[in-house]
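Number of protein chains: 2
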Amino acid sequence: MISQKAKYALRALVALAKHPAGQPVFIGDIAETQGIPKKFLEQILLELKHHGLVASKRGKAGGYGLLRPADTISFGEVLRIVDGPIAPLPCLSKIAYRRCEDCKEEASCEVRRVFAQVAEATRTVLDRTTIADAVGADLPVRVRDLVA
Amino acid sequence: MISQKAKYALRALVALAKHPAGQPVFIGDIAETQGIPKKFLEQILLELKHHGLVASKRGKAGGYGLLRPADTISFGEVLRIVDGPIAPLPCLSKIAYRRCEDCKEEASCEVRRVFAQVAEATRTVLDRTTIADAVGADLPVRVRDLVA
DNA sequence: ACTTACTCTATTAAGTCAATGTAGTTTCCA
DNA sequence: TGGAAACTACATTGACTTAATAGAGTAAGT
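Going down the list, the sequences are from chains W and D.
Reading the first sequence from the start, the letters are residues 1 to 148 in this note's numbering.
Reading the second sequence from the start, the letters are residues 1 to 148 in this note's numbering.
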């Protein structure tokens with residue numbers, strides 16, 4: 001299960017992507033139309049800003065907007081920022097590898113071997129699908145194309 | 001990330017599958033060879049027993065053993081028992097569907113649409129791979145066969 | 001009987017999640 | 001130039017989950 005926070009982040013980015021670029025959107029507007037607690041959304045957008053995904057403009061006509069084109073922001077990138085590693089086991093994470101303390105030998109670990117496949121399948125979807133894909137009506141990547 | 005408990009459960013089942021059937025294994029033995037806290041493992045095996053995956057025999061020559069053949073116990077089944085739903089969003093779970101309270105219309109939810117692909121890919125691996133597959137040296141299901 | 005091992009319920013300590021609170025700072029505009 | 005609207009930052013809260021432990025009890029073989 002992904003966190004509520006991640007879901008909010010993705011929904012907010014989709015909402016931003018639907019607006020014409022360069023035109024800031026109020027936090028309050030996103031919060032209301034998406035049903036996200038405003039203060040919580042502030043926190044989330046702030047975090048996304050620190051990672052260079054969005055930009056904000058202060059003052060009366062301020063608001064948030066995408067800093068990078070929507071088709072360069074993948075779901076995987078957002079999830080890793082908000083929720084941390086995507087991998088189902090710490091010993092399978094690319095961004096935060098950690099050996100399983102219990103588990104004698106990684107190469108022969110049966111559980112790891114199976115979840116390596118899960119991790120690959122998951123990453124294939126999440127790293128290929130962008131916010132722009134999500135906004136578009138059609139599925140961008142067909143499941144049958146995922147593992148070529 | 002799957003829970004530590006799920007990892008222990010899978011490792012314990014793999015350990016049981018490696019023993020000749022009908023010959024009970026002591027909890028203490030599994031706990032020691034796998035580096036699992038014994039009392040915690042008792043809890044886990046008890047839960048698996050209640051779900052009909054393993055059987056136990058009491059007394060001096062007691063212990064645990066698989067109740068069903070290892071090739072009929074999938075990773076997905078074990079995970080659902082121990083960790084609950086596998087789906088990345090409540091609105092995508094088969095065993096515990098719950099509507100996302102925030103989210104106006106499910107059919108048009110962009111986030112849901114993307115994670116439906118993740119759920120499908122994940123389930124394809126987890127429901128096809130069994131304990132017996134994990135014990136065997138070769139990968140049972142090649143990734144490229146997953147989505148036919 | 002006595003030992004070994006399984007059975008069950010309860011408890012706890014630590015950590016995480018989702019959200020809220022409070023105190024600011026910046027910018028625009030009237 | 002005053003203030004309203006909006007963003008920034010950090011601290012705190014309460015509920016819940018996770019991982020593990022505790023302890024009293026039951027069953028079975030020798």
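From the three backbone atoms N, C-alpha and C, an ideal C-beta is built for every residue, glycine too.
These figures come from a predicted structure and were not determined experimentally.
Secondary structure note for residue 54 of chain W: its beta strand (DSSP E) is the uninterrupted segment 54-57. If you ignore the 5 residues before and after residue 127 of chain D, its C-beta comes within less than 6 Å of the C-beta of 74, 76, all in its own chain and listed in chain order. Leaving aside the five residues that flank residue 81 of chain D on each side, the residues in its chain whose CB is nearer than 8 Å to its CB run, in chain order, 9, 47, 48, 51, 53. Taking C-alpha positions only, residue 79 of chain D is separated from residue 130 of chain W by approximately 29 Å. Straight-line spacing of the CA atoms in residue 58 of chain D and residue 25 of chain D works out to 11 Å. Annotation for residue 10 of chain W: the continuous alpha helix (DSSP H) segment containing it runs 4-17. For residue 65 of chain W, the uninterrupted beta strand (DSSP E) run begins and ends at 63-66, by DSSP. A direct Cα-Cα distance of roughly 24 Å separates residue 89 of chain W from residue 111 of chain D. Shortest Cα-Cα distance from residue 109 of chain W to any of W:120, W:91, W:95 involves W:91. Counting along the chain, residue 79 of chain W sits inside the alpha helix (DSSP H) bounded by residues 75-83. Residue 122 of chain D sits in a helix when the DSSP states are folded into three classes. Remark: C-beta atoms of residue 124 of chain W and residue 118 of chain D do not approach each other more closely than 7 Å.
Within the same chain, and ignoring the five residues on either side of residue 41 of chain W in sequence, the residues whose Cβ sits closer than 7 Å to its Cβ are 8, 12, 27, 30, 31.
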